[in-house]
Each structure stands twice: as structure tokens, then as C-alpha cells.
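Chains as they are written, first to last, in the numbering used here: chain A, 2 to 233; chain B, 17 to 316.
Put into C-alpha cells, the structure is as follows:
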């Protein structure tokens, strides 16, 4: 297991938002985290990053125990984070945003990895543009490039296709698939679109009310389960 | 009082002298405001103890000179380091527990300022102290009809030097990238390996250090006493707020305020000039509460 959560309960303030979560992702696999709005998908991702008030239980990233680690230590342990809403720093240029990722690198290298420029030619041509002026799809590319600049072992993608034009969704999907299949990155992907999850993932968990309701390999994600937990 | 007592008519030579005094005042206000700008602009913390960091810088200079015989110039960098360290302790021990509660920060830093003032008064007494500056800083430089004390030129130069240094640190160094990232989005900065808590501590220390070195500089100009911080901090706050908490905002605002004050007081007197300046700032902030350069209304 490259990422493993054992009996994790996560709090905002004093309120437990997630309870008794057990999740693991195999090296090189993609785990889809599914569920309706407000069931705790984003909180799960934020818990992995250490962005909730506190957590109990046990968590490992690439064999390293990070239960009590702060956010910056978790990112240095090998997690690249692509947050919901993308979290681009609007006053920074495209270049500065990508370089921001390099602060999590173990090798202290402060340059843009070639892979980022090769995957996203638009960014390569607009390195000095203010990130705040980019479109939603371009910002999503930038968020992925920034996460790749951390030299991650795992990518956390929180609703990467949300709020993006349909023609760009295909492109982002293809990029994610390539990162998993060709580059060999382990992925945790929260999704509302079942089609996207089925195409990209090896395994799934379905969340409901802050707990994990169902889990399995992606072939076991039957229409019956989809109807029960995911149809509005 | 007749109008002539109140109003000085225009005459070129004294007016040019007044403009130069304005520049000197501007550099003093700028130096006093610089540390506050960094702390408010990057961390959003209104540091009520800023004046007392200035006072501590002056006292450290005095202690080094009076007890250990250090030359004044050497005291400047030492004051920077020592007050910076005190600032770091204050941030670690107190302020970092209060980031989510801005009003409490205000109160807590005010408390810190009282502790500093009373401690200094207890240890060294309330009477004013004096610093000896090198001979070459005591001279007055004479260019035609213009007379400038050389220490004021020195402070002017040092002020620009400190602005330059701060600019390099914020915009050209790795630490600056981290500071500006934390400033825009603390969670995102942390998510990409930046230890935001450490960045805050060092930023506060740097701002306090700037206050310390400014106190050391002012000690060469004026007397030192436990309440001296108050005399600088009002103008410093006005510079920071009018400048929008940005480095170049403070630079421009200090320049404009210094010159306006000096011109008004040339035509009238100091008290009236201060009154006019404060009224103008209030009117300005009524229409541009975000400060001089900041484009949007976005405020912390």
C-alpha cells in the first residue's frame, strides 16, 4: 500500500466529520472516491493533506507514518495535491505557480520539470502570464503541473473535471490516464461522474455521511450500487 | 495673532530647504513604517508593539554604547539582530496562537508593548538617555544656501538601502516566494511543502528587526526614553494604511506625506501642518480604503 488510512476520524473544530475510515491504495493504482455532494469526499482528501483541524487513527504515505505530521511534511512525503477549485495563486505567474510545487521536493531542485511543459504546451508558451487570468481549464492544467513539480508518488485529484468545459474534460481525462499508466503515479480521484471513474480507476470507495459505505474493485461498481448511493 | 504671524509668504531658498527637510522626514517615517508594512502586509497582523520594538532598538544601541563602548555604526546591525530575535520570541510564544483572532492579536501586542515599556522603565529608569554618534555624522553639509545635517543624509541613504534589501528579500529570493505564497493562500502554500508557521515566525522577526534598526538610527537623532515609540508609531501606521500594506505603497506614501507635512509647516506651523495632513489622510482613506496602489477592494 502506498497510501493507507487505518481507523481515521477527522475533525473540523471539535466536530468529527469523517469517522472510522479505512482506505488503502496500491502502488500504481487509481482509487476513485465517489459519493453525492457533501458526504465527505473533499474532507477525505483534505484529511490526507492534513488540512482538517486534527485526525485520530493512523496514516502512512509510502511507508512513512504521517499521522501527526503537518501539511508541509505530508507534501514532502510524496503527495501532490490538486484541490477542488484548483487553488491557483492568482498573483503569481504561471511559472511561479509551478515553481511553488518544487518546495516540496526532496532534492531542492528549483526548476520546472520537463514533463510539465511537455504535457501542457499552453503553459509552456505562457510562463510569464498571471495565473489569475487563465481560464478554468488552463488553471486545472496549471494545478496538475504544480502538483507534478513536487515529484510526487501519489496525486490527490479533487473533482478535476468539475466546472470545466466538456471539450477540455476529455483532455484532462487523457492527461490523468497518462500520468497513471505511463508515468506510473498512484492516484486518488474524487469524482461525481461515474463514467470518468470507471474509465480511470482500478478500485472505488463510496462515501455516505462521513463513512465508507461500499468498496471494491472497479468492476464491482454495479448499476445497483450507483443507483443506491450516487443517483440524485 | 495676525494673519502674518500664521502665514509665511513664499521665498525660494527657505522653501527648498523645507523640501529637503521633507525628504528627511519621509525617510524617517519610511524606516519606522517598513517593519510594520512587512508584518501587516504579509501576515495581516496589526502589531501594536511596533513602536516598542523601535524603542528596544534604541535602548540596545544605548546599552551597547554606554556599558560596552561599541561605536554607533556597529550598534545598528546588532539592534537588528537582537530585536529581530525578540520579535521571533513574541511570535512563537504569543502571536502564532492568535492568527484566527485578529482583534485578540491587537490586544495582545498592545499588552506586549506595555510590558516592554514598563520593563525598560524599571531597569533603566524613565530619564532620557543620549547616544554619541561618530564625528563625521555630526557635521552639517552646506550646498549653496542649503544646509543638511549629515546624519539626516545617512538616515536617508540607509532608508533606501533597507527598502532595497527588503525588495530583494521579498521578490528575488526563495524565502520571498514562500512569504508571498503564504500571503496569498496559506493552505495551498503548506500543501506544497512550505512550512507556513516558520515563514510567519521569520517574517515577524524580520519586521521586528527592521523596527530595531530604525530605533538604533533614531537614537542618533533624538533622545531615548521608554515611551519614545509612541512618537514614531502614529506616522508609521498612517504610512502603512495609506500605502495599503505594500512595500512600494509605503515608499510612495512616506515620500508624499513627508513633503506635504514639510510644505504645510513651512507656510504655517508644525501643529497646523499635522492637522491638515491627518485630515487629508482621513479623506483619502474614505475614498481609497484599500490604499494608494492596491487595485481592488480586496482586503484581509
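Note that beta-carbon positions come from the ideal geometry of N, C-alpha and C, so glycine has one too. On a predicted model such as this, the values are computed, not experimentally measured, just so you know.
No Cβ of chain A is located within less than 8 Å of the beta carbon of residue 64 of chain B.
For residue 18 of chain A, the enclosing beta strand (DSSP E) begins and ends at 16-26.
Between the region 49-67 of chain B and the region 171-184 of chain B, the count of Cβ pairs shorter than 8 Å is three or higher; the stretches touch.
Taking 9 Å as the upper bound on Cβ-Cβ separation, chain B lies near residues 147, 148, 150 and 151 of the region 128-151 of chain A. Nearest in C-alpha terms to residue 170 of chain B, of all of B:65, B:87, B:233 and B:296, is B:233.
Within the DSSP secondary-structure output, residue 57 of chain A pairs in a beta bridge with A:10. Within chain B, no C-beta atom comes less than 8 Å from the C-beta of residue 63 of chain A; the nearest is roughly 15 Å away. Using a CB distance cut-off of 8 Å, residue 162 of chain A does not count as an interface residue toward chain B. DSSP places residue 145 of chain B in the strand class (E or B) of the three-state scheme. B:55 is the residue among B:284, B:210, B:156 and B:55 whose C-alpha sits nearest the C-alpha of residue 115 of chain B.
In the DSSP annotation of this structure, residue 216 of chain A is not part of any alpha helix (DSSP H); the continuous beta strand (DSSP E) holding it starts and ends at 212-218. Distances from the alpha-carbon of residue 58 of chain B to those of B:216, B:269 and B:167 put B:216 closest.
Distance between residue 269 of chain B and residue 83 of chain A, taken at the CA atoms: about 40 Å.
Among the residues facing chain A, residue 203 of chain B is included, as its CB has a counterpart in that chain under 8 Å away. Think of a sphere of 8 Å around the beta carbon of residue 285 of chain B: no beta carbon from chain A falls inside it, the nearest being about 44 Å out. Not flagged as an interface residue toward chain A: residue 195 of chain B, since no C-beta distance is shorter than 8 Å.
Here residue 108 of chain A carries a coil assignment [DSSP, helix/strand/coil]. Per DSSP, residue 282 of chain B lies in no beta strand (DSSP E) segment; the continuous alpha helix (DSSP H) that holds it begins and ends at 263-283. Taking 8 Å as the cut-off, the Cβ atoms of residue 46 of chain A and residue 191 of chain A count as close.
Per the coordinates, the alpha-carbon of residue 49 of chain A lies some 30 Å from the alpha-carbon of residue 220 of chain B. Sixteen is the threshold: since fewer than 16 other Cβ atoms of the shown chains lie within 10 Å of the Cβ of residue 83 of chain B, the residue is exposed. Within chain A, the residues 73 have their CB atoms less than 7 Å from the CB of residue 211 of chain B, given in chain order. Contact note: residue 12 of chain A does not reach chain B at a C-beta cutoff of 7 Å; the least C-beta distance is about 15 Å. DSSP places residue 83 of chain A in the strand class (E or B) of the three-state scheme. Cα atoms of residue 291 of chain B and residue 106 of chain B: separation of roughly 35 Å, rounded to the nearest angstrom. Under the three-state reduction of DSSP, residue 230 of chain A is assigned to helix. When the five nearest sequence neighbours on each side are left out, the beta carbons in the same chain lying within less than 7 Å of the beta carbon of residue 65 of chain A are those of 78, in order along the chain. Note on geometry: alpha-carbon atoms of residue 122 of chain B and residue 93 of chain B lie some 28 Å from one another.
Sequence-distant Cβ neighbours of residue 195 of chain B in its own chain, meaning closer than 7 Å and more than five residues away, are 58, 186, 215 and 219.
Distance from the CA of residue 67 of chain B to the CA of residue 134 of chain A, rounded to the nearest whole angstrom, comes to 40 Å.
Per DSSP, residue 233 of chain B has no beta-bridge partner at all. Residue 157 of chain B carries a strand assignment under DSSP once its states are collapsed to helix, strand and coil. Using a Cβ-Cβ cut-off of 9 Å, residue 52 of chain A is close to 203, 206 and 207 of chain B, given in chain order. With the rule of 3 Cβ pairs closer than 8 Å, the region 27-38 of chain B counts as touching the region 271-282 of chain B. The straight-line gap separating the alpha-carbon atoms of residue 61 of chain B and residue 131 of chain B is approximately 19 Å. The Cβ of residue 104 of chain A sits closer than 8 Å to at least one Cβ of chain B.
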